[in-house]
Each structure stands twice: as structure tokens, then as C-alpha cells.
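Everything below concerns the one structure shown next.
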Amino acid sequence: DFSIQIEYPHEKFAAVMSFLALHRGGLTIFTHPNTGEDTDSELRDHRDHAIWMGAVRPLKLSRFGGVDQG
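Per our numbering, residue 969 is the first one in the sequence shown, and the count goes up by one each step.
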């Protein structure tokens, strides 16, 4: 599997999501906000606030104190 991570300011969310949707070329895209609300925010961001383009893949949530998917 190939993956990259990009970060961008929340003000650019609509522009970045539009670009990814139009140019993903069949790649699966997973994105989520970084809320930083408290110590559980990483788990909630990955599990509850995720946005997928393409096939939904199982996530290894145990690294954030959750239960692995799939």
C-alpha cells in the first residue's frame, strides 16, 4: 500500500477536498479533521469524523486506544 499525509489549514478544506475528488485517479482518499479537543480527539477524528473517497479501508485504531477495524 502507498500512502502520504498532507496537512492544510481548515480554511482550505473545500478547495482541497474538491481537488482530491476531481484528481484522485482511482486512489482511495482518507481524510479527517484534527480537532485536538482532548486526549481522545485522535481516536474520534479517525473513527467518527473520517471522510472517505473510494473504498473504505479498515483502520488500525488500537494505536489511539480504540478497537481495530476489519
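Ideal placement from N, C-alpha and C gives every residue a C-beta, glycine not left out.
Is the region 1003-1010 touching the region 974-984, taking contact as three or more C-beta pairs under 8 Å?
-> Cβ pair count under 8 Å is below three, so no.
Please say whether residue 1017 and residue 1034 have beta carbons closer to each other than 9 Å?
-> What you label residue 1034 is simply residue 66 of the sequence shown in a count that begins at 1. What you label residue 1017 is simply residue 49 of the sequence shown in a count that begins at 1. No.
Counterpart residues of residue 996 in DSSP-defined beta bridges | In the sequence shown, residue 996 corresponds to position 28, counting from 1. Residue 996 is not bridged to any residue.
Where does the unbroken alpha helix (DSSP H) through residue 989 begin, and where does it stop?
-> Taking the sequence shown and counting its residues from 1, the one referred to as residue 989 is at position 21. That run of the alpha helix (DSSP H) goes 981-991.
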